[in-house]
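Heads up: the structure comes next, in structure tokens.
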Amino acid sequence: MEVNRTEINGLSIIKPKIFEDERGYFFESFSMREFEEKACKTVFVQDNESKSQYGVLRGLHFQIPPFEQAKLVRVVKGRVLDVAVDIRKDSPTFAKYFSLELSEDNKLQLFIPRGFAHGFAVLSNEVIFQYKCDNYYSPMHERAIRWNDPHLHIDWRLPAADIILSEKDKKNPFLCDTF
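Residues in the sequence shown are numbered consecutively from 2, following our numbering.
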């Protein structure tokens, strides 16, 4: 696998080595040994999967200590715009975001360290999205930032009229009300 660091410290694009022939393809979606050698040392304790339709926007979610989570995210089917926002108060890139299209075709993964809010918008008719977490989900420690926070200026690559939010995500606070 190839690890490409982004301009935001700790955030990395993971490109697996893909073996293709007339039968199809094969790749290791995760190898702890290689991940620790090339990306970082972390132990993932929970895998999650979601299925969503076009226009669904999930996020921007995070957990507070002691249940912060690092995530390794990827798309199995379809395509999304994946977004990570640096919410580490002492970081020089605090409140900056990084976005990347993840798809079944490019097979890219994004490693999101602790201290980031995360979300994605579904760009295809349907998506199956998977992510590994290095800490368990804790509803009591879950927080979020509003998807359309004017301070962040995130281009979700969807018309606002097409965006589908959960009732919970419609009520998320703005960044300035969170920190």
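C-beta: ideal position from N, C-alpha, C; glycine also.
| request: Report yes if the CB atom of Leu176 is closer than 8 Å to the CB atom of Gly56, and no otherwise. | output: Within the sequence shown, the letter at position 175 stands for residue 176. Within the sequence shown, the letter at position 55 stands for residue 56. No.
| message | Restricting to runs no shorter than 3 residues, where is the beta strand (DSSP E) found entirely within the stretch 68-100? | response | As for any beta strand (DSSP E) of minimum length 3 sitting wholly inside the stretch 68-100, the runs are 72-78 and 80-87, ordered along the chain.
| request: Please list, in chain order, all residues of the same chain as Arg147 whose beta carbon is under 6 Å from its beta carbon, the five residues on each side excluded. | output: Within the sequence shown, the letter at position 146 stands for residue 147. Cβ contact annotation for Arg147 (same chain, cutoff 6 Å, sequence separation greater than five): Asn173 and Phe175, in chain order.
| message | Does chain B have any CB closer than 8 Å to the CB of Arg158? | response | The displayed structure is made up of one protein chain only, and chain B is not part of it.
| query | Who are the Cβ neighbours of Lys89 in its own chain at under 7 Å, not counting the five residues just before and after it? | reply | Position 88 of the sequence shown, counted from the start, is the residue given in the question as residue 89. The sequence shown places Arg at residue 89, rather than the Lys named in the question. Counting only residues of its own chain and dropping the five nearest sequence neighbours on each side, Arg89 has a CB closer than 7 Å to the CB of Phe95 and Gly116.
| query | If you draw a straight line from the C-alpha of Lys169 to the C-alpha of His62, how long is it? | reply | Taking the first residue of the sequence shown as position 1, residue 169 is located at position 168. Taking the first residue of the sequence shown as position 1, residue 62 is located at position 61. Straight-line Cα distance between these residues: approximately 11 Å.
| query | At what residues does the alpha helix (DSSP H) containing Glu38 begin and finish? | reply | Here residue 38 corresponds to residue number 37 of the sequence shown, with the count starting at 1. Met33 to Lys39 is the extent of the alpha helix (DSSP H) around Glu38.
| Residue ranges of each beta strand (DSSP E) run of no fewer than 3 residues wholly in the stretch 106-173, ordered along the chain? | 110-113, 117-123, 127-134 and 143-145, all fully within the stretch 106-173.
| Within 8 Å, strictly: CB atoms of Asp178 and Thr43 | In the sequence shown, counting from the first residue as 1, residue 178 sits at position 177. In the sequence shown, counting from the first residue as 1, residue 43 sits at position 42. Against a cut-off of 8 Å, the Cβ pair of Thr43 and Asp178 comes out as no contact.
| task | Could you check what DSSP says for Leu176 in three-state terms: helix, strand or coil? | result | The sequence position of residue 176 within the sequence shown is 175, counting from 1. DSSP, read as helix, strand or coil, puts Leu176 in helix.
| query | What residue range is occupied by the uninterrupted beta strand (DSSP E) comprising Asn5? | reply | Taking the sequence shown and counting its residues from 1, the one referred to as residue 5 is at position 4. Asn5 -> beta strand (DSSP E) spans Glu3 to Arg6.
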